[in-house]
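Chemist:
Residue numbers (this note's numbering), protein chains in the order written: chain A, 52 to 214; chain B, 3 to 123; chain C, 1224 to 1416.
(1) Need the endpoints of the alpha helix (DSSP H) that residue 23 of chain B sits in, please.
(2) Alpha carbons only, please: which of B:11, B:54, B:81 and B:47 is nearest the one belonging to residue 72 of chain B?
(3) Report the partner residues of residue 111 of chain B according to the DSSP bridge assignment.
(4) Does the stretch 5-21 of chain B come into contact with the stretch 84-101 of chain B, if we say contact requires no fewer than three beta-carbon pairs (one atom in each stretch) closer than 8 Å?
(5) On the three-pair Cβ rule with 8 Å, is the stretch 37-46 of chain B touching the stretch 1296-1312 of chain C?
(6) For the putative contact between residue 62 of chain A and residue 123 of chain A, defined by C-beta atoms under 8 Å, what is the C-beta separation to the nearest angstrom?
(7) Could you check if residue 1336 of chain C is buried or exposed, using at least 16 other CB atoms within 10 Å of its CB as the buried criterion?
(8) At 7 Å on the CB atoms, spell out the chain A contacts of residue 1371 of chain C, in chain order.
(9) Taking 8 Å as the CB-CB limit, is residue 1362 of chain C close to chain B?
(10) Starting from residue 1270 of chain C and walking both ways along the alpha helix (DSSP H), at which residues does that stretch end?
(11) What do you reckon, are the CB atoms on residue 110 of chain A and residue 102 of chain A nearer than 8 Å?
(12) Does residue 103 of chain B come out as helix, strand or coil in the three-state DSSP assignment?
(13) At which residue ranges does the stretch 159-191 of chain A contain complete beta strand (DSSP E) runs of 3 or more residues, listed in the order of the chain?
(14) Going by DSSP, name the residue or residues bridged to residue 1350 of chain C.
(15) Whose C-beta lies closer than 8 Å to the C-beta of residue 1364 of chain C among residues of the same chain, with five residues either side of it excluded?
(16) Residues of chain C with CB under 7 Å from residue 16 of chain B, in chain order?
(17) What residue from C:1269, C:1308, C:1254 and C:1266 has the CA that sits closest to residue 19 of chain B's CA?
(18) For chain B, find out if any of its Cβ atoms is closer than 8 Å to the Cβ of residue 1268 of chain C; answer yes or no.
(19) Who pairs with residue 73 of chain B in a beta bridge, going by DSSP?
(20) So, residue 21 of chain B versus residue 111 of chain B, is the Cβ gap smaller than 8 Å?
(21) Checking 8 Å against the spacing of the C-beta atoms, do residue 94 of chain A and residue 70 of chain A come in under that value?
(22) Could you check if residue 1228 of chain C is buried or exposed, using at least 16 other CB atoms within 10 Å of its CB as the buried criterion?
(23) Give me the Cβ distance between residue 1254 of chain C and residue 1232 of chain C, rounded to the nearest whole Å; I'm assuming they're in contact under 8 Å.
(24) Can the beta-carbon of residue 1382 of chain C be found closer than 8 Å to that of residue 176 of chain A?
(25) Is the beta carbon of residue 157 of chain A less than 8 Å from the beta carbon of residue 150 of chain A?
(26) Taking only beta-carbon atoms, is residue 1381 of chain C less than 8 Å away from chain B?
(27) In three-state DSSP terms, what is residue 1388 of chain C?
(28) Would you report the Cα separation of residue 17 of chain B and residue 44 of chain B, rounded to the nearest angstrom?
(29) Going along the chain, which residues of its own chain have a beta-carbon closer than 6 Å to the beta-carbon of residue 1347 of chain C, five neighbours each way excluded?
(30) Return the CA-CA distance between residue 86 of chain A and residue 123 of chain B, expressed in angstroms with no decimal places.
(31) For a contact meaning CB atoms closer than 7 Å, what does residue 1263 of chain C contact in chain A?
(32) Please identify the residue among A:148, A:57, A:131 and A:113 whose C-alpha is closest to the C-alpha of residue 1362 of chain C.
(33) Starting from the Cα of residue 137 of chain A, find the closest Cα among A:162, A:100 and A:113 and give me that residue.
(34) At 4 residues or longer, and completely inside the stretch 58-111 of chain A: list those alpha helix (DSSP H) runs for me, N to C.
(35) Can you list, in chain order, the residues of its chain with a C-beta nearer than 6 Å to that of residue 104 of chain B? Leave out the 5 residues immediately preceding and following it.
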C-alpha cells in the first residue's frame, strides 16, 4: 500500500497546479504560446491522472457522464453562438468586430469567447475518450453483453455472420 | 555543399517512408496506427521547416512593439495546429476500432483476421 | 538524427509496449525540434497531445488487447519495393523546392506579410498564431472543433460504458465485488507499468 499512498498524496498536490496551469495557458493564449487546444488537453489530463490513481469509479463520481456530454456540446455551441451573435448584430458570420463597441475590443472579446469554447470541448472530449477506454476494461471483466448501446453489437454480429 | 539546403526534405521523406512502410508491411493493427502517427508527424515537420525563415523568431510580437523584426511565418503553424488535433482524433477512433475488432475476432493480426473472414465466407 | 534512429527502431521492434513508449519519445523529440524551428505553439500542442494523450490511449488499447506482435516467418519484399520507389519519386520532386530557411520562398510572399503586418493593428493580439487561428481563419477552427466533437461522440458510441447495471440484487453484489477487484487490478497495472 505504500506505493498507493505516495501516489495519492502527490496526485492530490499536483492536480490543482495542473488545473491552474491549464487556465493560465487558456487565458494567456493571446500573449504567449497557448490557446484553447493546449489548455483543453492539459485540463483534461488533470482528470485523467485522477482517474488513473484513484480509480474510474471515483472519477465518475467527480464528473458524471451527463455533465461530460453537456460540456462536449456546450463548447461547440458557444463557438457557433458567437458566430450567430455577430450575425445578429449586423456583421457577417464570425465577424468579431461588431460584438462590442470598439472594433479592437470586439476582436478581443470574440477571440476570448471562441478560445473558451474550444478549451471546453477539447477537455470534455479527452475525458470522454479516456473514460470510454478505461470503462471497456471493466465491462470486459464482467463478460457480459453491453446493453446500453445495442446497435454496434447488432451490426458487428450481423457482419461476421454474413461475411 | 549545394544540396545541404535540402537536408530537411530528405529527413522528412525518410520519416514519411518509414511510416508508410510500417502501415503497409506490418500486420499488427496497433503497429499500423503507430506508423500512421509517424507519417503524420513527418508531414508536420515538412510544413514547419518550410515555414521557418533564417534569422526569424517565434511569431509573437514582443512588448513595446517590435518593428523590423523578422518573424517565422505563422500560417503553417495554424495549419499544423489544426492537423495535430485532427490527428489525435483519428488515432483515438482507430484505437477504439481496434478494441472492437479484438472483441469480435479475438486477434489483432491482419492475416489472422483475413483467415477468419475467408473461412466464414 | 535521433528521429531517424527511433523511427527505424519502431519499425523493427516486435514488443508492442516498447513501440508505444518509443512513439511517445518520438513525439517529445518532435516537439523539441519544433521549438528550435520557432514554432512554439505547435511544439506545445504536439508535446501535450502526442506525448500525452496518444501514448495514454495506446497504452489503454494495449491493456485491452495483445502485447506482442506476431513475427512473420516469410517477410515479403513487395512493400519495401513500393516504399523505395515512392521515396525516390519524392526525392526527385523536392529537387526544385526552395532551400531551408529561405526568406524569398513563395510561401512567405503572398498572404503571410499581410497577416504579420496587419495583425497588431487590426486585432491587437500579440500572439500572431492565435489571431490567425481564431480571427482570420476562425471558420476553419469551427470545423476543427466539430471534428473533435465527432471523435468524442464516435468513441463513446464504439466503446460505450454501462452506467447503471439493470440486474438483480445478487448479480449487482457480484458486480460490486468484481469492480472492486478490477479497481485494484487497474491500479496494480498502473503501478507495474
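Virtual Cβ for every residue (Gly too), placed ideally from N, Cα, C.
Modeler: Based on what the coordinates show:
(1) To locate residue 23 of chain B, count along the second chain from 1; it is residue 21. From DSSP, the alpha helix (DSSP H) with residue 23 of chain B extends over 9-27.
(2) Residue 72 of chain B sits at position 70 when you count from the first residue of the second chain. The option with the nearest alpha carbon to residue 72 of chain B is B:54.
(3) Indexing the second chain from 1 puts residue 111 of chain B at position 109. Bridge partners of residue 111 of chain B: B:30.
(4) no
(5) no
(6) The residue given as residue 62 of chain A occupies position 11 in the first chain. The residue given as residue 123 of chain A occupies position 72 in the first chain. No, residue 62 of chain A and residue 123 of chain A are not in contact; Cβ-Cβ is about 25 Å, not under 8 Å.
(7) By 1-based counting over the third chain, the position of residue 1336 of chain C is 113. Under this definition residue 1336 of chain C is an exposed residue.
(8) In the third chain, counting from the first residue as 1, residue 1371 of chain C sits at position 148. Correct list: 172, 173 and 176.
(9) On the third chain, position 139 is the one that residue 1362 of chain C refers to. Residue 1362 of chain C does not count as touching chain B.
(10) The sequence position of residue 1270 of chain C within the third chain is 47, counting from 1. Unbroken alpha helix (DSSP H) run through residue 1270 of chain C: 1263-1271.
(11) Residue mapping note: residue 110 of chain A aligns to position 59 of the first chain, counting from 1. Residue mapping note: residue 102 of chain A aligns to position 51 of the first chain, counting from 1. Contact flag set, yes.
(12) Position 101 of the second chain, counting from 1, holds the residue named residue 103 of chain B. Looking at residue 103 of chain B - three-state DSSP - the assignment turns out to be helix.
(13) none
(14) Translated into positions along the third chain, residue 1350 of chain C becomes position 127. Partner(s): B:62.
(15) Taking the first residue of the third chain as 1, we reach residue 1364 of chain C at position 141. Excluding sequence neighbours, residue 1364 of chain C sits near 1356 and 1357.
(16) On the second chain, position 14 is the one that residue 16 of chain B refers to. Residues of chain C passing the Cβ test: 1227.
(17) Counting from one through the second chain, the residue named residue 19 of chain B turns up at place 17. Closest by alpha carbon: C:1308.
(18) Along the third chain, one-based indexing puts residue 1268 of chain C at 45. Yes - at least one Cβ of chain B is within 8 Å of the one on residue 1268 of chain C.
(19) Reading the second chain from its first residue, position 71 is the one you call residue 73 of chain B. Paired residue(s): B:59.
(20) Counting from one through the second chain, the residue named residue 21 of chain B turns up at place 19. Counting from one through the second chain, the residue named residue 111 of chain B turns up at place 109. The answer is no: Cβ separation not under 8 Å.
(21) Numbered from its first residue, the first chain carries residue 94 of chain A at position 43. Numbered from its first residue, the first chain carries residue 70 of chain A at position 19. Yes, they are a contact pair.
(22) The residue you call residue 1228 of chain C lines up with position 5 of the third chain. So residue 1228 of chain C counts as exposed.
(23) Translated into the one-based positions of the third chain, residue 1254 of chain C becomes position 31. Translated into the one-based positions of the third chain, residue 1232 of chain C becomes position 9. Rounded, the Cβ-Cβ distance is 19 Å, inconsistent with contact.
(24) By 1-based counting over the third chain, the position of residue 1382 of chain C is 159. By 1-based counting over the first chain, the position of residue 176 of chain A is 125. Going by C-beta atoms, residue 1382 of chain C is not nearer than 8 Å to residue 176 of chain A.
(25) Translated into the one-based positions of the first chain, residue 157 of chain A becomes position 106. Translated into the one-based positions of the first chain, residue 150 of chain A becomes position 99. Against a cut-off of 8 Å, the Cβ pair of residue 150 of chain A and residue 157 of chain A comes out as a contact.
(26) Mapped onto the third chain, residue 1381 of chain C falls at position 158. Yes, contact with chain B.
(27) By one-based count along the third chain, residue 1388 of chain C stands at place 165. Since pLDDT at residue 1388 of chain C reaches only 44, below the 50 mark, its modelled position is unreliable, and the value read off the structure follows with that caveat. Coil at residue 1388 of chain C, not helix or strand.
(28) By one-based count along the second chain, residue 17 of chain B stands at place 15. By one-based count along the second chain, residue 44 of chain B stands at place 42. Looking at the two C-alpha atoms, the distance is approximately 6 Å.
(29) By 1-based counting over the third chain, the position of residue 1347 of chain C is 124. Here the set comprises nothing.
(30) In the first chain, the residue the question calls residue 86 of chain A occupies position 35. In the second chain, the residue the question calls residue 123 of chain B occupies position 121. Cα to Cα, the separation comes out at about 51 Å.
(31) Within the third chain, the letter at position 40 stands for residue 1263 of chain C. Ordered by position in chain A, the residues that pass the 7 Å Cβ test against residue 1263 of chain C are 84.
(32) The residue you call residue 1362 of chain C lines up with position 139 of the third chain. Nearest of A:148, A:57, A:131 and A:113 to residue 1362 of chain C, Cα basis: A:131.
(33) Taking the first residue of the first chain as 1, we reach residue 137 of chain A at position 86. Nearest option by C-alpha distance: A:162.
(34) 87-105
(35) As a first step, residue 104 of chain B must be located in the second chain, where it is residue number 102. So the list reads 110, once near-sequence residues are dropped.
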